[in-house]
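**Student:** The structure that follows is given in the form of C-alpha cells.
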Amino acid sequence: DSGVTQTPKHLITATGQRVTLRCSPRSGDLSVYWYQQSLDQGLQFLIQYYNGEERAKGNILERFSAQQFPDLHSELNLSSLELGDSALYFCASSVSSGMQYFGPGTRLTVL
Amino acid sequence: ELKVEQNPLFLSMQEGKNYTIYCNYSTTSDRLYWYRQDPGKSLESLFVLLSNGAVKQEGRLMASLDTKARLSTLHITAAVHDLSATYFCAGDSNRDDKIIFGKGTRLHILP
C-alpha cells in the first residue's frame, strides 16, 4: 500500500459527460502528479501540482483540468468525454520531485 | 522536445541469467526514473537518478545514469520469476519539467 488513495476505482460513463477523479496524497507529500495510461498512447504525464500551484504541464487536453486543494488532495476533471478518453488514470505523490508513490488508479470507461 | 526510447520492448529470459534494459533520451534531463508495473496493477517507483554517474541498487536490480551519453540502464542480476513485469523509464525535461515515458519493456522470466 503506497499511502496514496484514488476514488473511484472504476467509472463508466457516456460520451459528452463530465467526471471528477479524486486523489489523496501520502501524508506529508506536497506534489501530486496525474497520468493517463491507455493501449493507444501508453503512459502519458498530464500535470503536476506542488503545494497548490501548478508546476508542470504535460499533454493534458483543454477538456481536462485539475487542481490541488489546501488540504493537498487533488481532483482531475474530465469533460465532454470521448471514447478515446477511456483509460487508466493514476495519481502519484512525492515530497517534491523525487521518488513518486502511485495510487491504485481509476479505470474510466466511456461508452 | 524530450524523447525517451527503451529497448528492448520485450524480453524473455531464463531464471539465473543477467540482462540489461536500455533507456536513451534525446535532450538534457534533470531526472531519470525507473518504474515497474505488474499486469493490471499500478506503477511502483524503483529508482530516481539525479546526476551523471549515479548508480542505485535494490536487490537484483541496478540502475545507472550516464548524462553525457544520455543513457540509463537497468541491469538485472540472476533473474528470478518474481521480476517478471513491465519496466518503464521516464525522463524529466529540463526545459518544462514534463515527464516523458518510454514505451516500456515487458520482461518475462522463465522458470
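Chains as they are written, first to last, in the numbering used here: chain A, 3 to 113; chain B, 15 to 125. Using N, Cα and C, we set each Cβ at its ideal position, and we do this for glycine too.
1) Using beta-carbon positions only, say whether leucine 85(A) and leucine 32(A) come within less than 8 Å of one another.
2) Whose C-beta lies closer than 7 Å to the C-beta of glycine 54(B) among residues of the same chain, with five residues either side of it excluded?
3) Compare the beta carbon distance of glutamine 50(A) and phenylalanine 92(A) with 8 Å and say whether it is the shorter of the two.
4) Could you tell me which chain A residues have their CB closer than 7 Å to the CB of leucine 57(B), listed as they occur along the chain?
5) Where DSSP assigns a beta bridge to phenylalanine 66(A), which residues make up the other side?
6) Tell me which residues of the segment 16 to 35 of chain B have at least one Cβ-Cβ distance to chain A shorter than 8 Å, keeping chain order.
7) Which of the residues in the segment 61 to 92 of chain B, read from start to end, lie with their CB under 7 Å from any CB of chain A?
8) According to the neighbour-count rule (16 or more other Cβ atoms, all chains shown, within 10 Å of its Cβ), is isoleucine 123(B) buried or exposed?
9) If you count every other CB in all the chains shown that lies within 10 Å of the CB of glycine 107(A), and 16 or more means buried, which is it?
10) For serine 98(A), go through chain B and note every residue whose CB falls closer than 9 Å to its CB, in chain order.
11) Would leucine 32(A) pass as an interface residue toward chain B - the criterion being a Cβ-Cβ separation below 8 Å?
12) Any beta carbon of chain A sitting closer than 8 Å to that of isoleucine 123(B)?
13) Note down, in chain order, each residue of its chain lying with its Cβ closer than 8 Å to the Cβ of isoleucine 135(B), except the 5 sequence neighbours on either side.
14) Can you tell me whether leucine 74(A) is helix, strand or coil according to DSSP?
**Tutor:** Taking the coordinates as given:
1) no
2) Counting only Cβ-Cβ distances below 7 Å, and skipping sequence neighbours, we find nothing.
3) No. Outside cutoff.
4) Phe92, Phe104
5) Leu80(A)
6) Among the residues of the segment 16 to 35 of chain B, none has a Cβ less than 8 Å away from any Cβ of chain A.
7) Val62
8) buried
9) With 16 or more other Cβ atoms within 10 Å, it is buried.
10) Under the 9 Å cutoff, chain B gives no residues; its nearest Cβ is about 11 Å from serine 98(A).
11) no
12) no
13) Residue numbering for chain B in the displayed model covers 15 to 125; residue 135(B) lies beyond these limits and cannot be assessed.
14) In the structure shown, leucine 74(A) adopts coil according to DSSP, grouped into three states.
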